[in-house]
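Mapped onto UniProt numbering, the consecutive letters of the sequence shown carry residue numbers 1 to 1115.
One structure below.
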Amino acid sequence: MGTNDLPLVPMQGHATSFFGPTLERYSSFQVHGSDDVRHIQSLENGILFLTKTNLKYMSRGGLIIFDYLMDESEDMHSLLLTDPSTLLVGGLQNHVIEIDLNTVQETQKYTVEVPGVTIMRQSNRFFFCGHTSGKVSVRDPRTFTVEHELDAYSGSLSDFDVHGNLLAACGFSSRRAGLACDRFLKVYDLRVMRAITPLQVHVDPAFLRFVPTYTSRLAIVSQTGQGQFCEPTGLANPADIFHVTTVGQLLMTFDVSGTKQALAFGDSEGCVHLWADSPEATFNAFSRETDFALPCIVDSLPHLDWGQDLVPLSLIPVPLTSETLLSDWPAANSVPAPRRAPPVDPEILRTMKKVGFIGYAPNPRTKLRNQIPYRLKEMDNEFDSFSQVPESPIGREEEPHLYMVAKKYRKVTIKYSKLGLEDFDFKHYNKTLFAGLEPHIPNAYCNCMIQVLYFLEPVRCLVQNHLCQKEFCLGCELGFLFHMLDLSRGDPCQGSNFLRAFRTIPEASALGLILADSDEATGKVNLGRLIQSWNRFILTQLHQETQEQEGPQAYRGAGGSSFASAGESVIGQLFSCEMENCSMCRCGKETVRVSSTLLFTLSYPDSTEKPIKDYEFVQILKRSICLEQSTQAWCENCEKYQPTVQTRNIRCLPDVLVINCEVNSSKEADFWKVQAEFAFQKALMKRGGLEVPKGKDLALGDWKELGSAEPGQPYPSMEELKNVWIPHAIRMRLTKNKELDVCNWSESDEPSASDDPDSVHVYDLMATVVHILDSRTGGSLVGHIKVGETYHQRKEGVTHQQWYLFNDFLIEPVDKWEAVQFDMSWKVPAVLYYARRNLNAKYNLTIKNPIEASVLLAEASLARKQRKCHATFIPLMLSEMPQAGDLVGLDAEFVTLNEEEAELRSDGTKSTIKPSQMSVARITCVRGQGPNEGVPFIDDYISTQEQVVDYLTQYSGIKPGDLDAKISSKHLTTLKSTYLKLRFLIDVGVKFVGHGLQKDFRVINLMVPKDQVIDTVYLFHIPRKRMISLRFLAWYFLDLKIQAETHDSIEDARTALQLYRKYLALSQGSAEPDEVRKVLKGLYEKGRKMDWKVPEPDGPGSPKHAAVYPPVLAL
1 MGTNDLPLVP MQGHATSFFG PTLERYSSFQ VHGSDDVRHI QSLENGILFL TKTNLKYMSR
61 GGLIIFDYLM DESEDMHSLL LTDPSTLLVG GLQNHVIEID LNTVQETQKY TVEVPGVTIM
121 RQSNRFFFCG HTSGKVSVRD PRTFTVEHEL DAYSGSLSDF DVHGNLLAAC GFSSRRAGLA
181 CDRFLKVYDL RVMRAITPLQ VHVDPAFLRF VPTYTSRLAI VSQTGQGQFC EPTGLANPAD
241 IFHVTTVGQL LMTFDVSGTK QALAFGDSEG CVHLWADSPE ATFNAFSRET DFALPCIVDS
301 LPHLDWGQDL VPLSLIPVPL TSETLLSDWP AANSVPAPRR APPVDPEILR TMKKVGFIGY
361 APNPRTKLRN QIPYRLKEMD NEFDSFSQVP ESPIGREEEP HLYMVAKKYR KVTIKYSKLG
421 LEDFDFKHYN KTLFAGLEPH IPNAYCNCMI QVLYFLEPVR CLVQNHLCQK EFCLGCELGF
481 LFHMLDLSRG DPCQGSNFLR AFRTIPEASA LGLILADSDE ATGKVNLGRL IQSWNRFILT
541 QLHQETQEQE GPQAYRGAGG SSFASAGESV IGQLFSCEME NCSMCRCGKE TVRVSSTLLF
601 TLSYPDSTEK PIKDYEFVQI LKRSICLEQS TQAWCENCEK YQPTVQTRNI RCLPDVLVIN
661 CEVNSSKEAD FWKVQAEFAF QKALMKRGGL EVPKGKDLAL GDWKELGSAE PGQPYPSMEE
721 LKNVWIPHAI RMRLTKNKEL DVCNWSESDE PSASDDPDSV HVYDLMATVV HILDSRTGGS
781 LVGHIKVGET YHQRKEGVTH QQWYLFNDFL IEPVDKWEAV QFDMSWKVPA VLYYARRNLN
841 AKYNLTIKNP IEASVLLAEA SLARKQRKCH ATFIPLMLSE MPQAGDLVGL DAEFVTLNEE
901 EAELRSDGTK STIKPSQMSV ARITCVRGQG PNEGVPFIDD YISTQEQVVD YLTQYSGIKP
961 GDLDAKISSK HLTTLKSTYL KLRFLIDVGV KFVGHGLQKD FRVINLMVPK DQVIDTVYLF
1021 HIPRKRMISL RFLAWYFLDL KIQAETHDSI EDARTALQLY RKYLALSQGS AEPDEVRKVL
1081 KGLYEKGRKM DWKVPEPDGP GSPKHAAVYP PVLAL
């Protein structure tokens, strides 16, 4: 029983109902504020709405009858009304809940198999549950136990329906390129629980329903709007095809009325299409009369014809008034507003070189030829909406039953609130003590490779011992970043300074390694190919930077490297491999030359082989190292280009074997997939001594009963061995004839006593970097890394090895087999690292801090116009060098490089997609004790070559030109120089006093131990209440007027020191234990009365003092 209205729920959680076949709007109301409605069920007195986490029963007018929240459920998808008072609710979890609608209580919980239930149907005899795995389970209505299981599709299930003794299903089948829509409908006879002849249809089926009027007809509909009627036991007739006009939109849902007289289709635009067999079609067989709202009795305004182009605005009546209208602006207050010029492309500003007052830059090819349209940024976003990846993360919500990428491998994003990062729970993504890396910085795609280099112990120690005078040295910046990763206890770090230096390297730009923000966001770049190029570049760059001889050019105070003598490179010792290249002309002339390489690229067999042959990974590796190819080359003997056979042979083995997989097309992906299938078949035969029959699929339990490979050692399950081709260990040996021999190596293999240690190496897989294919987010790069014993000993105090997944700031332990599983449909290998066994024993792993006290001594300014009379600080003397526990006042000012990117949601709330990118512009340190307390010893303005969007002069005091070495009058220096000063202070053990230091250290890219930070914003703070500004604290406690016109970092650092002294006096000078809390309560009461504003000068309660320290020159 029900009314004759049609409810419709768009994706935003808003419900609208329509009356009768004319689709007259009946009611419209909001079901949920944020979650989508997954399923609706019409009852006699109302409608049931199922969202992700709750079940809501509402009247047809929108009044809530009850709202049932399911705390234990995570992702509900479907519901089934078994009788008028009992409801089954299921979703993507391992249970189905039974709810009594009379008491609104959970009465039973039935256990189901993972990944849960997405579709439920019933017949007179059974309940039917559809799973994302492509199976349909047939269950007993009384006990809910599985009676039968129908394996319908190998990929995923799209829809199914039951009528009488027939069950019809449509879905997806697995193909090489991924999931594909199967045009064969699976039809089952429920009397014998067997499949009958599949029904081939002429459309891509996404939805199906039985329409039993005279026969058991099936209505099959595709998402593009094509549909077909057919008999489940007969042949499909092309004449029965129909088409729903969707104007380019996709159909998202389809259903049949209870009377079978009407079909309803819902599309992605939010429109409903109603098909009926007659103009007077009814939806319910015994519908009762519908209650309508009272008619509007207010007289309507006169009709206004909007079809005319020249309708005057004066036709719209407005209230009469005798006063002047707000729109009547006098001419003196009116200012002409010319059309704003479009901003210059940031890529042009970044690559521009200036000669005099004229700038030159290469064409970024972002505009149409001979056309420069005037388009605002908002219009650009509209024009880019055709991209495969949604511009907004809000539009990237996945459909769980069609999502192939495992959740931990998906691209992670930081969700910003009005508090920024303070309330974001990074511990939810990382429960280890290792540090992740934040992804929102430009060109942070290399985070996984940075982690791989960090967990190579010799590389970690090398770069932390390296220090040079070069401003943008990747070796130095990598050492600073690794030092932060060492200090972190699970908190994520930023690679902003390293990536800043990386963006300035001309070779990186020439190789196309510097990405624009739009390329990263929309997934237009092949990340797998990009990270392999980055891998080659970083090894070459570190090799060049670390092999430069230490001498007068080295940074002042930097000690020599403990790894190798001058002129040598530890990177070369680790990765370099000497190769002999031989070219043989057909005239017999042979040319031999010797070269070295830091990595190898896999070379695959000719793709014309059909079918693809079985190869071991070590065979492909050997042919890639000892490469032989024919090419045209110049022959000195023939004096012309001749066909030449070029062969390459290895002369020594590296300590770390780096392999670029070069899987850049479908041919290489198919090769990996076929080889993994061959390897899987071999594992089956090795495990059970049996050959698997072709055409027969065994269940997972059958695999586990075949036995184990070795007594006492459990063999990995067959599920773990799927998609595995590469071994965890290999052995490489150079024979006496200098020929290379490569073979797999297992844990039970023992090295021969006759093997020469220099010519025989056993390599263990140390890391794999994979490209995650995800069209919704543009893809990402993750790494599997085998973390060694030394890292666990330092971080956790335990001695063991473990594989971890590193996905930016998500870190999770994984099984070693998962690290080598590559499902080529979404997980593509990019880079492999094999490390020689007992590698650390060969190298000196002692880290000697190269930063010495001399970095704090006086240094020259980069500014050409700086004068001594402009000095704002006095450098430390040798007798003033800080010691552990000394106080140092610190403050920093920043400028903006990129503006914040945010979206305004439909409910009016603001969602931050990408925060503004800040850069440090000024750093000030003042003495915290002694006769010169409060006198600055560091006041550095940081020179920057990047384009500044906003100097934030009101809050930072930085003006245009202050950071330009040509015109600045400030003490200008490099970020690296000031960074070294702060690093020395941190390493010595001084305590920093300041206001809001957490943000300062974050932007400067420093990791400071918590016991060395004294932050006045937390000293004068009551939990769960607002933070108080430095200006208000200075007025309340010190009676000081600061930040009157703009901010000054010297003034702020001195004030923070005074506030800390005041706090010590309050906490140590009072006998009452709650004295500080009483003072803080009074502070908050005063703040609320004053609205947290400092009184203006000459007003009541205004501060009496403006400065307490003399200028520097007076000292």
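Quick reminder that beta carbons are idealized off the backbone N, C-alpha and C, glycines included.
Computed from a prediction, not measured in an experiment: that's the story for all the values here.
Proximity winner among the options, relative to residue i (alpha-carbon distances)
i, options, result
"Thr846", "Asp1052, Thr597, Pro458", "Pro458"
"Leu101", "Thr111, Lys56, Thr290, Val117", "Lys56"
"Glu616", "Asn744, Ile538, Asp606", "Asn744"
"Leu474", "Arg489, Cys652, Asn497, Thr944", "Asn497"
"Met449", "Pro605, Asp328, His771, Leu904", "His771"
"Arg927", "Ala965, Glu880, Gly307", "Glu880"
"Val211", "Ile220, Leu975, Met193, Met732", "Ile220"
"Ile938", "Asp305, Trp534, Arg1054", "Arg1054"
"Phe482", "Phe472, Gln464, Asp491, Cys468", "Gln464"
"Gly495", "Glu471, Gly479, Ile505, Leu437", "Leu437"
"Met193", "Thr233, Val814, Glu149, Phe207", "Glu149"
"Leu251", "Val272, Gly258, Glu147", "Val272"
"Ile986", "Lys999, Gly961, Val1008", "Val1008"
"Gly258", "Ala281, Arg60, Phe1001", "Ala281"
"Cys468", "Leu963, Phe680, Asn849, Gln883", "Asn849"
"Ala406", "Ala767, Leu980, Asn807", "Asn807"
Bridge-paired residues (DSSP) for residue i
i, result
"Tyr941", "Arg922, Leu972"
"Cys473", "None, per the DSSP bridge assignment."
"Arg593", "Asn581"
"Met181", "The residue you asked about is not Met; residue 181 is Cys in the sequence shown. BP columns for Cys181 point to Phe172."
"residue 1157", "Nothing about residue 1157 can be read from this structure; the chain reaches only from 1 to 1115."
"Asp140", "Answer is none; Asp140 lacks a bridge partner."
"Gly359", "Lys354"
"Gly251", "Before going further, note that residue 251 is Leu rather than Gly in the sequence given. According to DSSP, which records beta bridges pairwise, Leu251 is partnered with Asp267."
"Tyr416", "Thr912"
"Leu813", "Just to set this straight, residue 813 is Pro in the shown sequence, not Leu. Bridge partners of Pro813: Tyr804."
Boundaries (first-last residue) of the alpha helix (DSSP H) holding residue i
i, result
"Ile450", "447 to 454"
"Gln1058", "1049 to 1069"
"Gly62", "No alpha helix (DSSP H) contains Gly62, which DSSP labels as neither H nor E."
"Tyr955", "953 to 956"
"Leu1080", "1075 to 1090"
"Ser533", "527 to 547"
"Phe1001", "997 to 1004"
"Phe286", "Taken as a continuous stretch (DSSP letters only), Phe286 belongs to no alpha helix (DSSP H), as it is neither H nor E."
Start-to-end residues for the beta strand (DSSP E) that takes in residue i
i, result
"Gly961", "Looking at the DSSP string, Gly961 is not in any beta strand (DSSP E), and its letter there is neither H nor E."
"Thr768", "760 to 772"
"Ala264", "262 to 267"
"Thr644", "640 to 650"
"Cys461", "Careful: Cys461 lies outside any beta strand (DSSP E), inside the alpha helix (DSSP H) at 457 to 465."
"Leu832", "827 to 836"
"Gln573", "Segment 570 to 575 is the alpha helix (DSSP H) holding Gln573; no beta strand (DSSP E) there."
Nearest-angstrom beta carbon gap, residue j and residue i [assumed within contact, 8 Å]
i, j, result
"Leu499", "Asn443", "5 Å"
"Phe160", "Arg121", "7 Å"
"Asp940", "Ile923", "5 Å"
"Ala169", "Leu185", "7 Å"
Residue i at chain B interface by Cβ criterion, 7 Å
i, result
"Leu166", "No chain B appears in this structure, which consists of one protein chain only."
Completely contained alpha helix (DSSP H) runs for the segment 778 to 805, where each covers 4 or more residues: 789 to 796
Segments of 3+ residues assigned as beta strand (DSSP E) that fall wholly inside the segment 196 to 228: 207 to 212, 216 to 221
Every unbroken beta strand (DSSP E) within the segment 22 to 92, with a cutoff of 3 residues, ordered by chain: 24 to 30, 39 to 42, 47 to 50, 54 to 58, 64 to 69, 76 to 83, 86 to 91
Whole beta strand (DSSP E) elements within the segment 853 to 918, 3-residue minimum: 887 to 898, 901 to 904, 910 to 914
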